[in-house]
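Everything below concerns the one structure shown next.
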Amino acid sequence: GVEASEKCRRAGVAFLVVVGTLCLWFLIYYPYAVYSMYVARAGDRDGWSSETSSLHAGMGQLTGAMVALGNCLLSMVIEWSCRYFGFRYKRREDVVRYVL
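In this text, residue positions in the sequence shown follow my numbering: the first is 44, and each later residue adds one.
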């Protein structure tokens, strides 16, 4: 096992890394949210449909790919933080990973 002070330090580092990654994920996700709100608000008002416009299709794919990349990054950081913390039993590690 690991000493209690080392566990506390590891927990603090893992927490800060996960929170920092969540902030980065928000910055990656924000353009998608803004774009989605714009498309929902504008609709066909501008004379072109969001489904048929190649610009809209490209923007939708680009922002969707950014969100997927952010989700992948976040899941990798959560996996790392669980392993870094150093659980003694895998069952506990799996529960924490699931909750995060």
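For glycine and all other residues, C-beta sits at the position ideal for the given N, C-alpha and C.
Keep in mind the model is a prediction, meaning the values are calculated, not measured.
Neighbourhood of residue i by C-beta distance below 7 Å, restricted to the same chain and skipping five residues each side
i           : result
residue 121 : 61, 140 and 143
residue 45  : 129
residue 52  : none
Pick from the options that is closest to residue i, judged by C-alpha positions
i          : options               : result
residue 66 : 131, 116, 102 and 124 : 116
residue 49 : 73, 106, 108 and 129  : 129
residue 54 : 133, 125 and 132      : 125
residue 75 : 109, 132, 138 and 134 : 109
residue 71 : 112, 118, 127 and 138 : 112
Where residue i falls: helix, strand or coil (DSSP)
i           : result
residue 143 : coil
residue 132 : coil
residue 45  : coil
Nearest-angstrom Cβ-Cβ length linking residue i and residue j, presumed shorter than 8 Å
i          : j           : result
residue 78 : residue 106 : 5 Å
residue 47 : residue 127 : Residue 47 to residue 127, Cβ: 16 Å. No contact.
Cut-off 6 Å between Cβ atoms - residues of its own chain near residue i, not counting five sequence neighbours on either side
i           : result
residue 133 : none
residue 136 : 125 and 130
Cβ-based neighbour list, residue i, same chain, cut-off 8 Å, excluding 5 preceding and 5 following
i           : result
residue 114 : 68
residue 73  : none
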